[in-house]
Amino acid sequence: MNVRYHRTIPLYLSAMLIASVATLSAQADETIPAKLTLIDVPATSPMSAAAIDLSSKGYTETEYFTEGKAHRYRGATIGALDTASIIDDGWSYKSRVLLRIPRPEKFNGTLVVEWTNVTAGQDIDFAFAEMHDFLTSEGYAIATVSAQAIGVERLRSWSPQRYETLTVSANNQDPSDGSIIDACSGRVACPGDPLSWDIFSQTVAALEAKGNGTSPLENYDVRSVIAIGQSQSAFRLAVYYNTIQPLTNLFDGFVMYDLAPQLRSDQTVPAISVNSEATADLFAPTTTSEFTRVWDLAGAAHSSVYGRDYVDGMVLRDKSLMGPSGPQTFTQMLASQNCTFPPSYSKIETGNVLASALRSVELWTAGGKPAAASKMFARDEAGKVKHDPEGLPEGGLQLPEFSVPTTSYKINGPTIFCTLSGYQTDLSTAELLSRYGNRESYLKAVNDEAKGLIEEGYLLPSGAEVIRQRAEAVSFAD
1 MNVRYHRTIP
11 LYLSAMLIAS
21 VATLSAQADE
31 TIPAKLTLID
41 VPATSPMSAA
51 AIDLSSKGYT
61 ETEYFTEGKA
71 HRYRGATIGA
81 LDTASIIDDG
91 WSYKSRVLLR
101 IPRPEKFNGT
111 LVVEWTNVTA
121 GQDIDFAFAE
131 MHDFLTSEGY
141 AIATVSAQAI
151 GVERLRSWSP
161 QRYETLTVSA
171 NNQDPSDGSI
181 IDACSGRVAC
191 PGDPLSWDIF
201 SQTVAALEAK
211 GNGTSPLENY
221 DVRSVIAIGQ
231 SQSAFRLAVY
241 YNTIQPLTNL
251 FDGFVMYDLA
261 PQLRSDQTVP
271 AISVNSEATA
281 DLFAPTTTSE
291 FTRVWDLAGA
301 AHSSVYGRDY
311 VDGMVLRDKS
321 LMGPSGPQTF
331 TQMLASQNCT
341 FPPSYSKIET
351 GNVLASALRS
361 VELWTAGGKP
371 AAASKMFARD
381 EAGKVKHDPE
391 GLPEGGLQLP
401 EFSVPTTSYK
411 INGPTIFCTL
421 SGYQTDLSTA
431 ELLSRYGNRE
441 SYLKAVNDEA
451 KGLIEEGYLL
461 PSGAEVIRQR
471 AEAVSFAD
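Here's what the structure looks like:
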């Protein structure tokens with residue numbers, strides 16, 4: 001069981017309940033670390049490696065096979081709010097994990113573990129894409145885990161020389177009644193990933209393992225471990241939070257990025273879901289509790305233009321996302337969906353809010369101040385987002401890019417990928433002058449909004465500085 005931070009068990013528990021808790025603790029203690037082996041295959045390279053110059057940040061990136069024997073769980077499904085139970089164990093798997101770390105003396109004590117997204121048919125670390133500048137500037141260790149079959153099979157086909165031995169497949173039928181063990185997340189087809197929970201857990205346990213000389217973080221003082229994932233991966237992390245975390249107690253906190261379904265209210269593990277406007281009407285709104293928050297981000301698409309640029313560069317470098325005429329970018333794949341508007345994402349910089357959510361969860365888990373209150377969109381009686389006369393959403397977390405805009409943002413369509421990408425256009429010089437009068441008034445408004453968000457706990461000073469720099473680059477001249 002994770003003992004980085006003490007969690008109190010009431011003394012008045014009955015003997016039966018104490019026995020039950022002891023059993024649960026035993027299960028948690030039995031999270032056997034995976035075996036990690038450095039991948040060293042000449043003339044090959046990692047797929048989905050960082051698409052930035054990590055060395056300039058003082059970081060290194062290494063890739064490891066992660067292998068072990070996993071359980072299958074009953075009850076680890078979307079919508080479940082009760083702890084899962086073990087069906088059986090002994091299911092062999094072999095996957096991979098990418099680890100990006102600073103030098104030990106620059107490490108800030110927090111390991112961020114991303115559940116890679118496989119919606120595009122391959123591993124993509126969308127959260128790292130949005131917030132890599134923050135993570136690598138602040139000394140985080142970052143692990144990205146390939147836990148699902150779709151991503152692993154693409155690794156195998158992309159580089160058989162490097163990845164041919166990987167396998168995460170398992171029978172997905174419950175032997176008790178023949179039902180499906182692991183259903184797909186959201187609206188995306190998948191083969192089912194009943195081993196994914198233990199692949200994720202055991203890989204993290206291996207990274208944390210001390211004293212046997214096998215962990216790449218052996219010389220790092222890991223004080224907190226926070227899970228993060230985007231979209232389909234946020235769905236899976238929500239299932240993990242609700243059904244698996246009570247068994248493993250491996251994570252100190254969670255950040256779900258667009259968007260987590262309902263989280264259970266009886267956990268004392270902090271979790272923040274940062275959601276976009278693009279997905280707001282696709283799923284039912286959720287409720288929060290003492291240890292959970294929802295920050296709905298007005299004007300945000302499923303990915304920002306900055307996250308888009310990172311992912312486009314990564315998949316084009318790897319030549320991993322194939323189109324009719326050969327390798328293509330993620331944006332080109334979306335454009336092939338015949339969207340109403342060209343998919344252009346949003347200049348609302350989600351990464352700044354994810355950074356604030358991450359830092360808030362860190363402080364919260366260490367016994368500090370709880371995260372800022374939930375900021376949700378206003379909803380009508382049907383549960384749909386309310387809009388003002390200009391068509392803008394009411395409520396939610398409004399960054400300066402939204403409240404002091406230089407672009408207009410629209411929901412795209414008609415397909416789901418078009419909806420997620422959104423559409424934005426820059427305001428003309430005439431529109432900017434009409435709205436703000438002059439550049440100085442615009443910059444003052446941006447600074448005032450950013451200052452207020454820092455004081456409220458929704459924005460870090462580093463994020464505010466990024467926003468100010470982008471505002472400085474806005475031209476008021478034709």
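Residue numbers (full-length UniProt numbering): 1 to 478. Virtual Cβ for every residue (Gly too), placed ideally from N, Cα, C.
Short of 6 Å from the beta carbon of SER344, and not among the five residues preceding or following it, lie these beta carbons of its own chain, in chain order: TYR423, GLN424. Between the alpha carbons of SER265 and SER289 lies a distance of about 5 Å. Uninterrupted beta strand (DSSP E) stretches at least 3 residues long and entirely within the region 242-317 occur at 253-257, 271-276, 292-297, given in chain order. PHE65 has its alpha-carbon roughly 15 Å from the corresponding atom of SER48. Here VAL41 has GLN161, ARG162 as same chain residues with Cβ atoms under 7 Å from its own Cβ, once five neighbours each way along the sequence are excluded.
With fewer than three CB-CB distances shorter than 8 Å, the region 301-312 does not count as touching the region 392-399. Here the region 100-119 does not lie against the region 291-310, with fewer than 3 beta-carbon pairs under 8 Å apart. Under the 10 Å beta carbon count, LEU38 is surrounded by fewer than 16 other beta carbons and is classified as exposed. Around the CB of PRO342, fewer than 16 other CB atoms lie within 10 Å, so the residue is classed as exposed. By the C-beta density criterion, GLU465 is exposed, having fewer than 16 other C-beta atoms within 10 angstroms.
In this structure, ILE124 keeps its C-beta atom at 8 Å or more from the C-beta atom of GLY68. In the three-state reduction of the DSSP assignment, ALA43 falls in the coil class. Along the length of the region 53-85, whole beta strand (DSSP E) runs at least 3 residues long occupy 59-74, reported in chain order. The DSSP assignment places 85-102, 110-115 as complete runs of the beta strand (DSSP E) inside the region 75-141, in order along the chain (cut-off: 3 residues). Listed as beta-bridge partners of GLN424 by DSSP are TYR409. Across the set SER159, PRO216, GLU401, the C-alpha of PRO216 shows the shortest separation from the C-alpha of THR60. CA-CA distance, ASP174 to ASP193, rounds to 13 Å. Of the candidates LYS410, ASN352, ASN212, LEU392, the residue whose Cα lies closest to the Cα of LEU36 is ASN212.
In the three-state scheme derived from DSSP, where H, G and I count as helix and E and B as strand, SER346 is classed as strand. Remark: C-beta atoms of VAL353 and ILE226 do not approach each other more closely than 8 Å. In chain order, HIS71, TYR73 place their CB closer than 7 Å to the CB of ILE86, counting only its own chain and leaving out the 5 sequence neighbours on each side.
The DSSP-derived three-state label of GLN173 is strand. Rounded to the nearest whole angstrom, the C-alpha separation of SER95 and ASP198 is 12 Å.
For SER201, there is no enclosing beta strand (DSSP E); the residue is found in the alpha helix (DSSP H) stretching over 196-208. In this structure, VAL168 lies near ALA149, with their beta-carbon atoms less than 8 Å apart. If you ignore the 5 residues before and after GLU153, its C-beta comes within less than 7 Å of no other C-beta in its own chain. When C-alpha distances from GLN232 are compared across GLU164, ASP252, PHE126, GLN202, the shortest belongs to PHE126. CA-CA distance, ALA120 to GLY307, rounds to 15 Å.
Bridge pairing for THR144: LEU98, GLU114 [DSSP]. Out of ALA143, LYS410, ALA373, the CA that lies nearest to the CA of GLU455 is found in ALA373.
For the options SER273, VAL305, ALA280, ASP281, the alpha carbon positioned closest to that of VAL294 is the one of SER273.
Beta-bridge partners assigned by DSSP to PRO393: HIS387. Per DSSP, the unbroken beta strand (DSSP E) holding ILE228 starts and ends at 224-230.
Leaving aside the five residues that flank LEU358 on each side, the residues in its chain whose CB is nearer than 6 Å to its CB run, in chain order, VAL255. In the displayed model, LEU166 falls within coil according to three-state DSSP, outside both helix and strand.
The DSSP-derived three-state label of ILE467 is helix.
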